[in-house]
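If you read the protein sequences in the order shown, they are chains R and X.
Numbering of the first sequence is given in the UniProt record's numbering, commencing with residue 1 and proceeding in unit increments.
Numbering of the second sequence is given in the UniProt record's numbering, commencing with residue 1 and proceeding in unit increments.
In this text, a Cβ means the ideal position worked out from N, Cα and C, and glycines have one as well.
Note that the structure is predicted; figures quoted are calculated from it, not measured.
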Amino acid sequence: MKHLLSTADLSRIEAIELLDTAEEMSLVSTREVKKLPVLRGLTVVNLFFEDSTRTRISFEAAAKRLSADVITFSAKGSSVSKGESLQDTAQTLSAMGADGVVIRHSGSGAPHRLATSGWIDAPVVNAGDGTHEHPTQALLDAFTLRRVLAGLPASGPADGARGLALDGAVVGIVGDILHSRVARSNVHLLTTLGARVVLIAPPTLLPIGADTWQCDIAYDLDAAIAEHSFDVVMMLRVQQERMQQAFFPTAREYARRWGLTDTRARALPAHCAIMHPGPMNRGFEIGAAAADSPRAVVLDQVANGVSVRMSVLYRLLTGQSAAAGGREGQS
Amino acid sequence: MNSTLIRAARMPDGTRGDIAIVDGLFADPADAVSPSTVIDADGLLALPGLVDMHTHLREPGREDAETVLTGSRAAAAGGYTAVHAMANTSPVADTAGVVEQVHRLGRAAGFTQVVPVGAVTVGLEGSTLAELGAMADSGARVRMFSDDGHCVWDPLVMRRALEYVKAFDGIIAQHAQEPRLTEGAQMNEGAVSAQLGLPGWPAVAEESIIARDVLLAEHVGSRLHVCHVSTAGSVELIRWAKARGIRVTAEVTPHHLILTDEEVRSYDPVFKVNPPLRTEEDVHALRAALADGTIDVVGTDHAPHPAEHKCVEWTAAAMGMVGMETALPVVAHAMADLDFSASDLARVMSARPAQIAGLTHHGSLQIGTGANLVLVEQDAAHTVDPDLHATMGRNSPFRGRTLGTRIVDTFLFGQRVYAAGALGAPLAFTEAGPWND
Chain R
1 MKHLLSTADL
11 SRIEAIELLD
21 TAEEMSLVST
31 REVKKLPVLR
41 GLTVVNLFFE
51 DSTRTRISFE
61 AAAKRLSADV
71 ITFSAKGSSV
81 SKGESLQDTA
91 QTLSAMGADG
101 VVIRHSGSGA
111 PHRLATSGWI
121 DAPVVNAGDG
131 THEHPTQALL
141 DAFTLRRVLA
151 GLPASGPADG
161 ARGLALDGAV
171 VGIVGDILHS
181 RVARSNVHLL
191 TTLGARVVLI
201 APPTLLPIGA
211 DTWQCDIAYD
221 LDAAIAEHSF
231 DVVMMLRVQQ
241 ERMQQAFFPT
251 AREYARRWGL
261 TDTRARALPA
271 HCAIMHPGPM
281 NRGFEIGAAA
291 ADSPRAVVLD
301 QVANGVSVRM
311 SVLYRLLTGQ
321 SAAAGGREGQ
331 S
Chain X
1 MNSTLIRAAR
11 MPDGTRGDIA
21 IVDGLFADPA
31 DAVSPSTVID
41 ADGLLALPGL
51 VDMHTHLREP
61 GREDAETVLT
71 GSRAAAAGGY
81 TAVHAMANTS
91 PVADTAGVVE
101 QVHRLGRAAG
111 FTQVVPVGAV
121 TVGLEGSTLA
131 ELGAMADSGA
141 RVRMFSDDGH
151 CVWDPLVMRR
161 ALEYVKAFDG
171 IIAQHAQEPR
181 LTEGAQMNEG
191 AVSAQLGLPG
201 WPAVAEESII
211 ARDVLLAEHV
221 GSRLHVCHVS
231 TAGSVELIRW
241 AKARGIRVTA
251 EVTPHHLILT
261 DEEVRSYDPV
271 FKVNPPLRTE
281 EDVHALRAAL
291 ADGTIDVVGT
301 DHAPHPAEHK
311 CVEWTAAAMG
321 MVGMETALPV
331 VAHAMADLDF
341 SASDLARVMS
351 ARPAQIAGLT
361 HHGSLQIGTG
371 ANLVLVEQDA
381 AHTVDPDLHA
391 TMGRNSPFRG
401 RTLGTRIVDT
411 FLFGQRVYAA
421 GALGAPLAFT
431 EAGPWND
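Shown next as structure tokens:
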């Protein structure tokens, strides 16, 4: 595993190893000195061609907790706005000695291009590309779900999740599947780990061709809640701009039919967790009762994001797998 | 008398024979008594010079991508003795002045007969008809009009264009792409686009325009040519229209006969093209349609781009592939599994395009017509290396592929512009000559 571009590239064993290493990393975040020396002297470049404060600071925190030097390159304050190409940017970073590149880009496939073009030799982590994938988001979702299924605290240090997969879990992903990189990464990863995924969306927000995916597809959220005993429902953010593009008639109609309203939240099984990749549109795709319910693990997802990204950076930049490295780091 | 005798070539019909050229025209070998040049074509296949109905030569305006001269050399190297230069230059070829300029540059280059295509609408903007009559009457004698790169989407403008060109037996070549259905489109819409998260270009966006246009052509009794047909559904519509007696002709590119959207998984923009690469099912339907004549011609849609337009991420890359220098070998390769003979190759790559475009000196080996000819070696496995091509564009999707057919010689009105696998001397297009007929 040289790069992390798509969760489709991860085997079940690799995925479990990444989650297990993330468990080790989650211990670090509770220590007085939240740092491991494992990437000392290495440079991680955060290459953000698209605004995303949350993902960027999560990767920054992850790299810093592993003692790496972090350079953040955001397109707005860079030469990209002056017409510099991805190739030139990549080669510039390479010349500066980047040991790992975390890339966020509005164009699907840009990380793949960076990794395969020969412009730069460093490992590439996809931090979200267009409407393609967001692998570390799926990993943190899987990490959180694994904790929930095992009856453990959704975040923070805990024992008992290591080595487990997600066999038998039923996951509902609701909302704008068409434009969601989170949904694509989750369909691959969660099914690789043995979960069953049900996508629920208006037909206009499901890609043509989604019927070839390894998952079920439904249009009616109430029927899906009645039919499946969900272990988790994941509400996707609906971008403001979709409302102008006539994917659905009005925001109110969307909220009525596909929002996690208070009534629907009550209809979910008692054990069902509620996830959201953030930031939430309260009152739109998710109501207050669901968002503020003890079953909502949205903030746990954020906390776990740092652990999962530490695991990915550690794995890619040191070439070491499994939890052995993490334990060594604690000594 | 300047004469050439080509000995023992294999003809498209499978027979073997000699071909004589006297003063730029095919002649009876018996009349070429003491030829100035004798070429041994033993083991080579002779085809009438290829005719491309769809080429982008980029000049004027984008001479960093291609010029009429470099594009003409690529044509000669690919066996093309006539190429239609699309109108999406800068300035757009929407006036007599621009088409005459392209025509003149083609004559000056002398490696192929450059036939300018006129724009249908001013600036390719789809709203106002360009001066089609003036371009038809110009020195370039334009007969084919196209807004290629853009669809003439307005049904009323399309109707008027189809009707208007009847006055001079013109033909409208439509780039069938419903614009609203393809806003931001990056690749074929289907299982692969769903996975790659790239905005889709649905087949229906092509098919709905073709359906509309064949009905318009029927209604006004005009000739319609459909550029770069790419879907199985389009094939069905054209088959239906032809059965109904509608005067429609259709084109397919070499790349749509062989490549599918699976290539896009690499995110390598060399595979980014418009219309996009489709599915395996579409590829098979296109091959069958070319074999049975539903699709009349192969057009290359040769689209050179400078490296900086392709050495970028997929979504930022330009659409288009070069194709003139690989067209014949790719088509021969794609059609190898079908019952597709050398005379079929001659039909779809030379005779039919010449007939549709009204080029009387191209498309056959008939005595008395222009000596436009290509000699081809058929079992000559070679690996495609775009860096060795005559075009300035390096954006060939066939880099590294092994192909079996090789162009050996190209004769343009008797002038050996491509000789034994290398560029030869250009033809001097003089004031008097059969090319003026």
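For X:T315, the nearest beta carbon of chain R is closer than 8 Å to its own beta carbon. Using a 10 angstroms sphere on the CB of R:L190, the tally of other CB atoms reaches 16 or more, which defines it as buried. Contact residues of the stretch 126-147 of chain R toward chain X are D129, G130, T131, H132, E133 (C-beta to C-beta distance below 8 Å). Under the DSSP assignment, X:P116 falls in the beta strand (DSSP E) whose first and last residues are 113-116.
For R:S307, the secondary structure class from DSSP, reduced to helix, strand or coil, is helix. Sequence-distant Cβ neighbours of X:A74 in its own chain, meaning closer than 6 Å and more than five residues away, are M324, E325, A390, T391. Residue contact with chain X for R:G118: absent (no Cβ-Cβ distance below 8 Å to any residue of chain X). Each residue's CA atom was taken as its position, placing X:E125 and X:V117 some 16 Å apart. Going by beta carbons, X:V298 and X:G79 fall outside the 8 Å limit.
Across the stretch 211-234 of chain X, no CB contact with chain R closer than 8 Å is found for any residue. Near chain R, meaning a CB-to-CB distance below 8 Å, the residues of the stretch 184-203 of chain X are Q186, E189, G190, A191, V192, S193, A194, Q195, L196, G197, L198, P199, G200, P202. Per the Cβ contact rule, the stretch 342-360 of chain X is in contact with the stretch 45-55 of chain X (3 or more Cβ pairs under 8 Å).
Here R:I173 carries a strand assignment [DSSP, helix/strand/coil].
Scanning chain R for C-beta atoms nearer than 7 Å to the C-beta of X:Y267 yields G109, H112, R113, reported in chain order. Of the residues assessed, R:T204 falls on the exposed side of the cut-off, its CB having fewer than 16 other CB atoms within 10 angstroms. Proximity to R:H271 across R:H3, R:P157, R:A169 peaks at R:A169, based on C-alpha coordinates. Within the stretch 342-404 of chain X, the complete alpha helix (DSSP H) segments at least 4 residues long are 342-346, 352-357, listed from N- to C-terminus.
Annotation for R:Y254: the continuous alpha helix (DSSP H) segment containing it runs 251-258.
When the alpha-carbon of X:E206 is set against those of X:C151, X:D292, X:R62, X:Q366, the nearest one is in X:C151. The DSSP-derived three-state label of X:H84 is strand.
The secondary-structure analysis by DSSP pairs X:N188 across a beta bridge with X:W201.
For R:A22, same chain residues with a beta-carbon under 6 Å away, outside a window of 5 residues either side, are F143, S307, V308, S311 in chain order. Membership of R:S185 in the alpha helix (DSSP H) is indicated by the continuous run 181-192.
R:M96 sits exposed, since fewer than 16 C-beta atoms from the chains shown fall within 10 Å of its C-beta. Within the same chain, G200, W201, P202 come within 7 Å of X:E189 by CB-CB distance, once the 5 residues on both sides are set aside. If you ignore the 5 residues before and after R:R282, its C-beta comes within less than 7 Å of the C-beta of A288, A291, all in its own chain and listed in chain order. Taking the C-beta atoms as reference points, X:A185 is found no nearer than 8 Å to X:V214. Judged by their CB atoms, R:N46 and R:E60 are nearer to each other than the 8 Å cut-off. For X:P329, the three-state secondary structure derived from DSSP is helix. Per the C-alpha coordinates, the member of R:E84, R:Q137, R:T43, R:S117 positioned closest to X:S266 is R:S117.
Along the stretch 292-314 of chain X, going in chain order, the ones with a CB nearer than 9 Å to a CB of chain R are E308, C311, V312, E313, W314. For X:L257, there is no enclosing alpha helix (DSSP H), as DSSP marks it with neither H nor E. Taking 9 Å as the cut-off between beta carbons, none of the residues of the stretch 264-297 of chain R comes near chain X. With at least 16 other beta carbons inside 10 angstroms of its own, R:S155 counts as buried. Within the DSSP bridge table, the entry for R:V124 names R:V101 as partners. Fewer than three Cβ pairs drawn from the stretch 61-68 of chain X and the stretch 278-294 of chain X lie within less than 8 Å of each other, which leaves the two stretches out of contact.
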